[in-house]
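Residue numbers (this note's numbering), protein chains in the order written: chain Z, 88 to 298; chain S, 88 to 298. Comments concern the structure below.
Number of protein chains: 2
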Amino acid sequence: MTTDPARRLLPLADQAAPERADAARNRELLLDAAAAMVAELGADKVTMDALAARAGVGKGTVFRRFGSRGGLMAALLDHTERAWQAAVISGPPPLGPGAPPLERLLALGESRLRTTLQHATLIRAAGAEGARASGAHSFAALHVRHLLAQLEVDGDLPLLAVALLAPLEVPVLEQQVRLDGLPVERVLAGWADLVRRVVGRPPVTPPGGAT
Amino acid sequence: MTTDPARRLLPLADQAAPERADAARNRELLLDAAAAMVAELGADKVTMDALAARAGVGKGTVFRRFGSRGGLMAALLDHTERAWQAAVISGPPPLGPGAPPLERLLALGESRLRTTLQHATLIRAAGAEGARASGAHSFAALHVRHLLAQLEVDGDLPLLAVALLAPLEVPVLEQQVRLDGLPVERVLAGWADLVRRVVGRPPVTPPGGAT
């Protein structure tokens with residue numbers, strides 16, 4: 088029986104053979120350590136050597152687990168994506184269940200934007216196709232589509248969901264934030280405005296203001 | 088004096104030294120031949136050998152002009168982008184001037200979508216960063232922003248412009264059309280619906296239909 092709901096939804100790259108429980112636990116501990124290193128130092132600094140030193144294991148252990156730095160990056164992206172999906176499925180509101188659908192949608196965009204910016208190097212290292220193949224996009228798109236249906240939006244919901252998620256992809260966000268130097272808060276406000284237009288809620292303006 | 092208006096707007100990768108007029112003309116002829124080959128055979132088939140054979144010149148000439156296949160792909164992308172920009176700036180309506188701004192915006196999306204799908208391999212070969220550095224994105228974004236202003240859209244227009252263009256980028260379109268198998272016409276209709284929502288024109292529905 089699978090108990091992690093995110094696992095069931097996702098065609099993630101899994102281990103070739105079932106791991107013993109302690110091996111799986113060690114793998115998760117290594118991935119937690121690697122994720123902490125990405126948050127603190129950036130993905131560029133997460134090498135096989137650095138991870139082994141951080142986790143207090145031999146370099147051979149890290150190589151046996153992940154094969155290569157590319158393998159580690161892919162596993163780390165899956166790990167992050169699973170944690171994000173679990174937060175959407177069963178975490179606290181407004182990202183998780185319990186908040187009104189528009190609030191959930193705005194929370195999803197914000198967490199997606201921040202996660203993507205934090206993991207941009209990782210996502211690029213795993214390749215756009217890798218990220219797509221992992222099911223990350225289809226999960227997010229399915230969830231946005233579900234929220235649009237709850238909001239009673241009329242239209243081609245799968246396409247509208249993709250259109251809402253497209254500005255949150257790595258190259259677009261990196262262009263805006265890293266190259267053009269736009270503040271993250273402005274990009275977030277712009278995305279929220281886009282959502283309100285798509286959903287058919289008027290942008291927040293002073294009462295009586297005409298468009 | 089520069090006479091091509093697209094050239095003035097764009098920080099395109101230019102030749103290291105000014106070419107003599109006949110050399111520039113030969114370069115354009117080679118690029119025209121390469122563009123025709125992309126349209127007929129797909130970018131994968133455009134090799135240095137094949138281009139030399141098609142254009143009836145020696146392989147050495149092609150290598151002297153473009154350095155490598157990567158250099159040819161980048162030059163070809165610039166060439167296509169300049170032609171597209173010229174069509175937007177001074178071509179026939181509705182893509183060019185003369186049509187109402189909403190019609191121009193819809194025509195821009197359609198031509199962008201079709202060009203992107205046709206040149207997806209080329210764009211991927213030149214790299215997402217290459218395409219961005221070439222100014223292609225900033226020209227399209229500036230133009231969409233200009234049309235949104237003409238439509239008297241109220242909001243953060245630079246961000247709305249980027250949001251409208253994001254679903255037309257290579258990975259999103261390839262996912263929808265090549266992997267998910269959606270018909271191009273459906274993707275186009277979805278984009279037009281997105282535009283109408285952003286611009287504040289209601290989607291086309293039967294009169295009396297409530298949302």
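C-beta atoms are modelled at their ideal positions from N, C-alpha and C, and glycine is treated no differently. None of the values given here were measured: they were computed from a predicted structure.
Residue i versus residue j: straight-line alpha-carbon distance, rounded
| i | j | result |
| --- | --- | --- |
| Arg-130/S | His-206/S | Note that residue 130/S is Ala in the sequence shown, not Arg. In a straight line, the C-alpha of Ala-130/S is about 7 Å away from that of His-206/S. |
| Gly-196/S | Arg-114/S | 30 Å |
| Ala-279/Z | Val-175/Z | 18 Å |
| Phe-226/Z | Ala-173/Z | 11 Å |
| Phe-150/Z | Glu-127/Z | 22 Å |
| Leu-118/Z | Arg-199/Z | 20 Å |
| Leu-229/Z | Pro-245/S | 28 Å |
| Pro-270/S | Gln-262/Z | 29 Å |
| Val-257/Z | Ala-194/Z | 18 Å |
| Thr-208/Z | Arg-107/S | 43 Å |
| Thr-148/Z | Arg-141/Z | 13 Å |
| Ala-120/S | Val-144/S | 12 Å |
| Thr-352/Z | Trp-171/Z | As displayed, chain Z neither begins before 88 nor continues past 298, which places residue 352/Z out of reach and without an answer. |
| Ser-155/Z | Ala-110/Z | 18 Å |
| Ala-137/S | Leu-255/S | 30 Å |
| Val-125/S | Ser-177/Z | 48 Å |
| Arg-112/S | Arg-211/Z | 38 Å |
| Val-231/S | Leu-251/Z | 17 Å |
| Thr-202/S | His-224/Z | 24 Å |
Buried/exposed call for residue i, threshold 16 Cβ in 10 Å
| i | result |
| --- | --- |
| Ala-253/Z | buried |
| Asp-372/S | Since the first residue of chain S shown is 88 and the last is 298, residue 372/S is not available in this structure. |
| Gln-237/Z | exposed |
| Asp-267/S | exposed |
| Gly-157/S | exposed |
| Pro-184/Z | exposed |
| Arg-152/S | buried |
| Pro-187/S | exposed |
| Glu-168/S | buried |
| Ala-161/Z | buried |
| Leu-116/S | exposed |
| Glu-216/Z | Because Glu-216/Z carries a pLDDT of 48, less than 50, the predicted location of this residue cannot be relied on, and the following value inherits that uncertainty. Exposed: under 16 other Cβ atoms inside 10 Å. |
Cβ distance (whole Å) where residue i is taken to contact residue j below 8 Å
| i | j | result |
| --- | --- | --- |
| Ala-122/S | Leu-159/S | Actually they are not in contact, since the Cβ atoms of Ala-122/S and Leu-159/S sit about 11 Å apart, beyond 8 Å. |
| Val-282/S | Leu-192/S | 6 Å |
| Pro-181/S | Glu-190/S | 4 Å |
| Val-285/Z | Val-274/Z | That belief does not hold up - the Cβ atoms of Val-285/Z and Val-274/Z are roughly 17 Å apart, past 8 Å. |
| Ala-38/S | Lys-132/S | Only positions 88 to 298 of chain S appear in this structure, which leaves residue 38/S out of reach. |
| Val-249/Z | Val-259/S | 6 Å |
| Leu-235/Z | Leu-247/Z | 6 Å |
| Gly-287/S | Asp-243/Z | Rounded, the Cβ-Cβ distance is 19 Å, inconsistent with contact. |
For residue i, three-class secondary structure by DSSP
| i | result |
| --- | --- |
| Pro-245/Z | helix |
| Thr-134/Z | coil |
| Asp-267/S | coil |
| His-206/S | coil |
| Leu-164/S | helix |
| Leu-239/Z | The sequence given here places Glu at residue 239/Z; Leu does not occur at that position. Coil. |
| Pro-190/Z | A small correction: the amino acid at residue 190/Z is Glu; Pro does not occupy that position in the sequence shown. Helix, per DSSP. |
| Gly-158/Z | helix |
| Val-144/Z | coil |
| Arg-284/Z | helix |
| Leu-195/Z | helix |
| Ala-279/S | helix |
| Leu-182/Z | coil |
| Arg-107/S | coil |
| Glu-256/S | coil |
| Ala-220/Z | Bear in mind that the predicted position of Ala-220/Z carries a pLDDT of just 48, short of 50, making it unreliable; the figure below should be weighed with that in mind. In this structure, Ala-220/Z counts as helix in the three-state DSSP scheme. |
| Ala-126/Z | helix |
beta-carbon residue i near the ligand ADP non-hydrogen atom, thresh 6 Å
| i | result |
| --- | --- |
| Arg-211/S | The ligand ADP is absent from the structure shown, which contains no ligands of any kind. |
Problem set entry | Where the stretch 228 to 256 of chain Z meets chain S: residues whose CB sits under 9 Å from a CB there | Per Cβ criterion, the list reads Glu-239, Val-240, Asp-241, Gly-242, Asp-243, Pro-245, Leu-246, Leu-247, Val-249, Ala-250, Leu-251, Leu-252, Ala-253, Pro-254, Leu-255, Glu-256.
Exercise. What residues in the stretch 274 to 291 of chain S have a beta carbon less than 8 Å from any beta carbon of chain Z?
Worked result: Val-274, Ala-276, Gly-277, Trp-278, Asp-280, Leu-281, Arg-284, Val-285, Gly-287, Pro-290
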